[in-house]
Amino acid sequence: MPWIVISLSAPKPALRGWLKRYLVEMSPMLFVGKLDARTSALVFQRIRVSGEKASLATVRKGGIGFDMELCGSGNAVLTDFDGLFLVSTKRKQSVKAEEKIGDFDNANIPPSKH
Numbered sequence: 128m129p130w131i132v133i134s135l136s137a138p139k140p141a142l143r144g145w146l147k148r149y150l151v152e153m154s155p156m157l158f159v160g161k162l163d164a165r166t167s168a169l170v171f172q173r174i175r176v177s178g179e180k181a182s183l184a185t186v187r188k189g190g191i192g193f194d195m196e197l198c199g200s201g202n203a204v205l206t207d208f209d210g211l212f213l214v215s216t217k218r219k220q221s222v223k224a225e226e227k228i229g230d231f232d233n234a235n236i237p238p239s240k241h
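All the letters of the sequence shown, read from the start, carry residue numbers 128 to 241 under this note's numbering.
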C-alpha cells in the first residue's frame, strides 16, 4: 500500500468530509494516508471530477521517489523534467508600457507646495 498526500485549496465541505473516511487530516486541508491501488484511484478520480484545486503526491520507486499531479489549477502547469517535477505558472500577456501610461501631460500636475 503506497503513501499518498493530498493538499486542497478551499474545498467544499462534502469533499473534505469524504476524504476523512480514507485519510488522516494532518492539518487543515492536508490529507495523508496509505491506500491500496483501487481506493487511491477512487479518491483521485473523485477529486478530479470535483474540479477542486488540489495537489496529489504518491510514492514511486526510482527517481525522486514520488509522482505529483495538479487538479483544478488553471494557471499552474506540472512538467516532468528528466524525473524532476517543476511547477510553473502561465503568464498573462503583458500590455505595452505606452498603452499602460497613456499620454502624460505635465500641465495637468498641480504644482508642489514646498
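Even glycine gets a Cβ: it sits at the ideal position worked out from N, Cα and C. The structure presented is a predicted model; accordingly, all values stated were derived computationally and were not measured.
By a C-beta neighbour count over all protein chains shown, 10 Å radius and 16 as the cutoff for buried, is residue i buried or exposed?
i: Val176; result: exposed
i: Leu146; result: buried
i: Leu150; result: buried
i: Ser167; result: buried
i: Leu135; result: buried
i: Val170; result: buried
i: Phe208; result: exposed
Pick from the options: whose alpha carbon is nearest that of residue i?
i: Pro138; options: Gly192, Ile174, Gly189; result: Ile174
i: Asn202; options: Leu162, Phe212, Thr216, Phe208; result: Thr216
i: Gly190; options: Leu197, Met128, Arg165, Phe212; result: Phe212
i: Asn156; options: Arg165, Gly178, Ser182; result: For clarity, residue 156 is Met in the given sequence; the question names Asn instead. The option with the nearest alpha carbon to Met156 is Ser182.
i: Ser200; options: Gly178, Thr206, Thr185; result: Gly178
i: Asp163; options: Gly210, Met128, Leu205, Val204; result: Met128
In whole angstroms, give me the CA-to-CA distance for residue i and residue j.
i: Ser154; j: Gly160; result: 13 angstroms
i: Ala141; j: Arg148; result: 11 angstroms
i: Cys198; j: Thr206; result: 14 angstroms
Skipping 5 residues on each side, what residues in its chain have a beta carbon closer than 6 angstroms to that of residue i?
i: Arg187; result: Phe193, Asp194
i: Val132; result: Val159, Ala184
i: Glu152; result: Phe158
Within the same chain, show all residues whose beta-carbon is closer than 7 angstroms to that of residue i, passing over the 5 residues directly before and after it, in chain order.
i: Gly210; result: Gly190, Ile191
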